Structures are given as C-alpha cells and as structure tokens.
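Protein chains in written order, with the working numbering: chain R, 15 to 330; chain U, 90 to 383.
The structure is reproduced here in structure tokens:
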C-alpha cells in the first residue's frame, strides 16, 4: 500500500524485545484511534443481525428469534413496500441527476478560471465560489426559502412584477427535483474545481507554448491540451461518483424536503430515519441499510475495476 | 509565455473579457442569496409583507438582530455550538494525528493489517440503525458527548494528514532518531511544528463539519438545550416549536417574522464566512493532498 519503506536496522534474533522497546510508543499512539474505530465502526456490525431477526427491545440481540422466510422476512417486506421502492428510485434518480448536472460543472468552472489572466480577480472569484461549500444544508434551505418561496421569494417577486405566474420551486415535485439539483451545483461547483485546477497546474506550460507556435487558438488548446491533461482526474472522480450511486447523504435531502414533494424527495437515508428511528421498525430498516451497504460496496468494487480497465489508476 | 502574449490577437483579448464576464456572473449567483438574506434581515416587517425588499433593505432597522441577540435560546445555542466546535476540532485533530503518525513508519510491524482494518471502515458502514442502537448501551443517547465522540476521527482526513507526513523528509526523523529521540518526541518536536498547514486545513474541515452538522443531534439528542445551532435553525425554519422551550423561556412567537428568520440564518452563517477566506491557501493544498493517493 505504501511505497515508501523506511530502512530499518539489521534484524537480530533477540529482536522482539528490542523492537518493542523502540516501537511500543507507536502502538500506544495508535491504540486510541484503533479503539475508536473498533467501537464505532466494527461493534455496530453486531447489530446487523437484527435485519434477519425479530427485534425486541428487552432481549439481547444474540437471543432474538430468526425472522420468517429463513430470516429474509424483512428484506421481502422492504421490497414489497411502496415507500421503500420509491426511496430507492429517488436515491438512484437524484444521484444520477447530480452526476449529469453536478459532475461537469466544476470541470467547466475550472476551465473558465484557467483562462482568466487577471490573477487578483481570479483569486477573488475563487474565494467567492468556495463560499457555498461552507454553508450547511439547513442554511442553504433557509437561503432557498428566501429566494424561491411561492409569493415572498426573491425570484417569484420578480416574476410576479413582470406579470408572470409564481413558479413552485420547492412545492411541486418536478420543480423540486430541479431546485435540488441546482442547489447541489451551486454548493459544489467551486469546491469541486479545486482538484481540477490542481491537475491543470500540473500540465507542462511547454505544451501550451508549442501549441501557440503552431497557431492553436484558445479553444483548441483547451480541447487538445487541458482536457486530456485532466482526463485521469476526471475518470477517477467519475468512477468514484458512479460507485456511490446508491449512497445517500442525509443532510441535503432531509433539509430540503417537505411534505408536498415526498414522492420524489424521500431517499433511503431519510426513509431509514423516519421508519426506523421515528417509527421504531428497527429490523426492517436495518435490512434496508444492509442492502444499501452491500450493494454500495459491490458498485464501488465494480467502478474500480472499470477504472482499471480504462487504463486509469484505480481508486485504491 | 512571451510568444503566447505576442501571438494573442484581438479576438483573444475579447475572449479574455468574455471569461471575465462569465466569472462575474458566477460570483453574482454565489453572492446574490446572501445579499438578499442580509437585505431581508435588515428590513422592516412591513416592507417585507408588502414584497418590497430585493437586494437593498427597506425600512432599515436592526430590530431582528436585537431580538436574536436578546433571546437566551439563540445565544445559548450559539455559544454551545462554538464550544462544541472548538472541543470537536481539538479532539479530532489529536485523534487524526495519533492515527496518521505511526502509520508512516515502514518498520512498524502489523502495519498492513492495521491499514486494512482502517480502510474497511471507509467502504463498509454498518448503517444508521446499528449505529443508533449502539448509542444506548454506550450511554450516549441524550448525552452531550454524542456530538463529539462518534465523529471524532475521519479516515479520509487521516489519509490527507498521512500524505502530508510522507512529504516530510525521512532524514529529519532519522537524524533525530540517531540523537536518541523517542518516536513521541519526534512527533511533538518535528512533525507537529512542520505540519501547521495540514493541521490548519483539517481543523477547518472538522470545525465546518461540526458547525454545519445536525443529523447526529437530530437522531441522538432529545433535549432541546443540547441542540446545536443548525438543528435549532432547522426547527425554526420549519416552524417546529418545541412547546417546553416556549413555555419555559417565555419564547412565544407562533410563526416568526421573515426578517427574524433571515437574521437567524445570518447569525448562524457569519462565523464560518469570517474564517474560511483566511485559510484558503491551506485548504486548497489539503484538498489536493486528499486527491493524490499515497
């Protein structure tokens, strides 16, 4: 995994004692983080078994009786439930939308920034563009309310003044999906461009000079030098995003959703919160979470494999 | 580059200005919601009801801010979140350093096993409900520590720090080792002082994460006094008024005025907006480090 190997002193037979005398400090330093990971990342896996068992609050998880259908009762129940199927569809749908709209935005922005010749101006634009990344989704929801509310929102006030009907940006399913995607772009285009700008900075300036001598214009250089130069970065990030297609962040959909648009806004994470933590159906939602994790790992492995097949370095 | 400049034609110059204009538009789109919000927070309720406020306050007044600043509920949530953010950042930075530093030693036995142990957690998550069920036996439900401990180490950030540590020349460490310095001394005397840029970046990441996070409080905390600012804000925006709080603290405003809501959003945004521009060069470096694999 790590290419840098530190040359170590020649080994002797008595080495364990000698080794521990020197290295015990490193293990001591590591103990706390590893204990943390053990407790908060590995121990919860014990509870995964309740996906296959009938949960009861009084009984220890190990003693719970197996659920019906060889333990798969809750998986079957989930896939028969309309709400879960909708949540699954919405998760994949909204992620795909983010991929189509949200993924190219930082690349385009990085290309534009790269063309700016005023250094100070460029820096100011960057600072402004990074700002939305630092806002929480609750704040962005607050901002969106002020902008998009049916009659009191900034945009609808302008539309009304121009004699047009209000647009239900947040209250109607289709418009909500567009707003959700748009806010995603708004929040991430600047931040996402950092990686691409770094990749662009790594392209040799000689290539550009040679192209200029050959009479290549701005867009030719962009197309033939800059884009191929950042292609590896694009592919790796694209593959990572594809691998995460079933992943669902909680903060964004939960902050932005409301009762009027639940048919398109409820994703797996918010479904699990509502049905599991609020509705106390622990076995059902653990089954849903397990399904999501397992399929998610599978997608990631596949995405990595595809990335390698394309001749790019994998994610790991 | 000289040739580039000389060859640049008139159309090239026009092109320059086109990009400048695009960037100006992008900046406007980023700033407009904030300007609109600021204008609303400074306007009178009257002007807001009559739909007169766009980007400049009408009926200029600071009443909304006065209300926010005189309400114990907001002030307490603000300072609680500031405190929480400070503690979280410190704890998380310590944990991240403790995890990243030993892993750069090639001589550490069991290092690859430890790496696997750590990496697995990045790809496989037990899920929301198992994590939730764990909090009860740990006694963390409704406990302020639940907002600190469960999120105190991000493996992703640890990898950024480890990449940075790899960039510090081995020779520095080796010469210290020859002088008889222990690994712990080397960490404190050499690695920490040299790692200020990455520490600043990760401090920003952790602080922003804690300041902006609300889902853990939503799931694990019932006690309104422990709500961080963002969860309070979420409840206010959605008109979820906790009855207990309303009666206990004389907070009685069914449906807050628009300007008050705007002022509260502003109030919970400003601290981060004041900090991030100063750390720009660091976090750019940090993000780039994260993108480069070890």
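The C-beta atom is built at its ideal place from N, Cα and C for all residues, glycine as well.
Predicted, not measured: the structure shown is a model, and the values here were computed from it.
Where residue i falls: helix, strand or coil (DSSP)
{"i": "residue 340/R", "result": "With chain R covering only 15 through 330, there is no way to say anything about residue 340/R."}
{"i": "residue 378/U", "result": "helix"}
{"i": "residue 227/U", "result": "coil"}
{"i": "residue 337/U", "result": "In this predicted model, residue 337/U has a pLDDT of only 40, less than 50, meaning its place in the structure is not dependable enough to derive any value."}
{"i": "residue 16/R", "result": "Any reading at residue 16/R needs caution, since the residue's pLDDT is 48, under 50, leaving its predicted position unreliable; the model's value is listed next. Coil at residue 16/R, not helix or strand."}
{"i": "residue 184/R", "result": "coil"}
{"i": "residue 80/R", "result": "strand"}
{"i": "residue 68/R", "result": "coil"}
{"i": "residue 331/U", "result": "Confidence at residue 331/U is low in this model, with a pLDDT of 46, below 50, so the placement of that residue should be treated as unreliable; the coordinate-derived value is given next. Residue state, collapsed to three classes: coil."}
{"i": "residue 271/R", "result": "coil"}
{"i": "residue 179/R", "result": "coil"}
{"i": "residue 209/R", "result": "helix"}
{"i": "residue 263/R", "result": "coil"}
{"i": "residue 145/U", "result": "coil"}
{"i": "residue 154/U", "result": "helix"}
{"i": "residue 87/R", "result": "helix"}
{"i": "residue 131/U", "result": "coil"}
{"i": "residue 161/R", "result": "helix"}
{"i": "residue 313/U", "result": "helix"}
{"i": "residue 271/U", "result": "coil"}
N- and C-terminal bounds of the alpha helix (DSSP H) containing residue i
{"i": "residue 178/U", "result": "161–189"}
{"i": "residue 149/R", "result": "Counting along the chain, residue 149/R falls outside any alpha helix (DSSP H), and DSSP gives it neither H nor E."}
{"i": "residue 33/R", "result": "29–51"}
{"i": "residue 255/U", "result": "244–255"}
{"i": "residue 322/R", "result": "296–323"}
{"i": "residue 111/R", "result": "96–111"}
{"i": "residue 363/U", "result": "347–364"}
{"i": "residue 300/U", "result": "285–301"}
{"i": "residue 250/R", "result": "241–257"}
{"i": "residue 201/U", "result": "200–212"}
{"i": "residue 240/U", "result": "From DSSP, residue 240/U is part of no alpha helix (DSSP H); its letter is neither H nor E."}
{"i": "residue 263/U", "result": "259–267"}
{"i": "residue 134/U", "result": "134–138"}
{"i": "residue 223/R", "result": "219–227"}
{"i": "residue 283/R", "result": "282–286"}
{"i": "residue 307/U", "result": "304–309"}
Through-space distance from residue j to residue i, alpha-carbon basis
{"i": "residue 185/U", "j": "residue 200/R", "result": "30 Å"}
{"i": "residue 290/R", "j": "residue 64/R", "result": "12 Å"}
{"i": "residue 293/U", "j": "residue 89/R", "result": "41 Å"}
{"i": "residue 178/U", "j": "residue 286/U", "result": "15 Å"}
{"i": "residue 199/U", "j": "residue 43/R", "result": "14 Å"}
{"i": "residue 116/R", "j": "residue 197/R", "result": "9 Å"}
{"i": "residue 353/U", "j": "residue 283/R", "result": "27 Å"}
{"i": "residue 338/U", "j": "residue 310/U", "result": "Reliability fails at residue 338/U, whose pLDDT of 41 lies under 50, so the model's placement of it is uncertain and the value that follows must be treated cautiously. When rounded, the distance between both Cα atoms is 20 Å."}
{"i": "residue 157/R", "j": "residue 266/R", "result": "14 Å"}
{"i": "residue 173/R", "j": "residue 324/U", "result": "29 Å"}
{"i": "residue 263/R", "j": "residue 147/R", "result": "15 Å"}
{"i": "residue 218/U", "j": "residue 54/R", "result": "13 Å"}
{"i": "residue 320/U", "j": "residue 303/U", "result": "5 Å"}
{"i": "residue 40/R", "j": "residue 166/U", "result": "39 Å"}
{"i": "residue 106/R", "j": "residue 259/R", "result": "6 Å"}
{"i": "residue 175/U", "j": "residue 236/U", "result": "12 Å"}
{"i": "residue 366/U", "j": "residue 149/U", "result": "29 Å"}
{"i": "residue 347/U", "j": "residue 141/U", "result": "13 Å"}
{"i": "residue 187/U", "j": "residue 172/U", "result": "23 Å"}
{"i": "residue 133/R", "j": "residue 256/U", "result": "28 Å"}
Beta-carbon neighbours of residue i, restricted to chain R and to distances below 7 Å
{"i": "residue 125/U", "result": "160, 161 and 168"}
{"i": "residue 184/U", "result": "46, 47 and 50"}
{"i": "residue 347/U", "result": "166"}
{"i": "residue 148/U", "result": "Those do not exist, as residue 148/U stays about 15 Å from chain R at its closest Cβ, beyond 7 Å."}
{"i": "residue 104/U", "result": "232"}
Residue i: CB within 6 Å of a non-hydrogen atom of the ligand ADP
{"i": "residue 313/U", "result": "Among the ligands in the structure shown, none appear at all, so the ligand ADP cannot be discussed."}
Contacts that residue i makes with chain U (C-beta to C-beta distance below 7 Å)
{"i": "residue 121/R", "result": "Simply none; closest approach about 14 Å."}
Contacts of residue i in chain C (Cβ-Cβ under 8 Å)
{"i": "residue 308/U", "result": "Chain labels in this structure do not include chain C; the protein chains are R and U."}
Where residue i meets chain U, residues with beta-carbon distance less than 8 Å
{"i": "residue 39/R", "result": "271, 272 and 273"}
8 Å Cβ cut-off: residues of chain R touching residue i
{"i": "residue 191/U", "result": "40, 41, 43 and 44"}
{"i": "residue 165/U", "result": "Within 8 Å Cβ-Cβ: nothing; residue 165/U doesn't reach chain R, min ~18 Å."}
Indicate whether the contact test is met: 3 or more Cβ pairs, each with one atom in the segment 289–306 of chain U and one in the segment 232–243 of chain U, closer than 8 Å.
With a cut-off of 8 Å on Cβ pairs, the segment 289–306 of chain U is in contact with the segment 232–243 of chain U, counting three or more such pairs.
Would the segment 118–125 of chain U and the segment 142–149 of chain U be scored as touching if the rule is three or more Cβ pairs under 8 Å?
yes
Does the segment 240–254 of chain R touch the segment 207–216 of chain R, meaning 3 or more C-beta pairs lie closer than 8 Å?
yes
Closer than 8 Å is the cut-off here; do at least three beta carbon pairs connect the segment 141–150 of chain R with the segment 222–242 of chain R?
no
The segment 57–74 of chain R / the segment 204–216 of chain U touching (three or more Cβ pairs under 8 Å)
yes
Whether or not the segment 204–212 of chain U and the segment 222–231 of chain U are in contact is what I'm after, with contact meaning three or more pairs of Cβ atoms, one per stretch, closer than 8 Å; do they touch?
The segment 222–231 of chain U, when compared against the segment 204–212 of chain U, does not touch it at the 8 Å Cβ threshold.
Evaluate contact between the segment 97–114 of chain R and the segment 274–285 of chain U, counting only Cβ atoms and requiring at least three cross-stretch pairs below 8 Å.
no
State whether the segment 79–93 of chain R contacts the segment 267–276 of chain U, with contact taken as three or more CB pairs (one from each stretch) at a distance under 8 Å.
Three or more Cβ pairs closer than 8 Å define a contact, and the segment 79–93 of chain R falls short of that threshold against the segment 267–276 of chain U.
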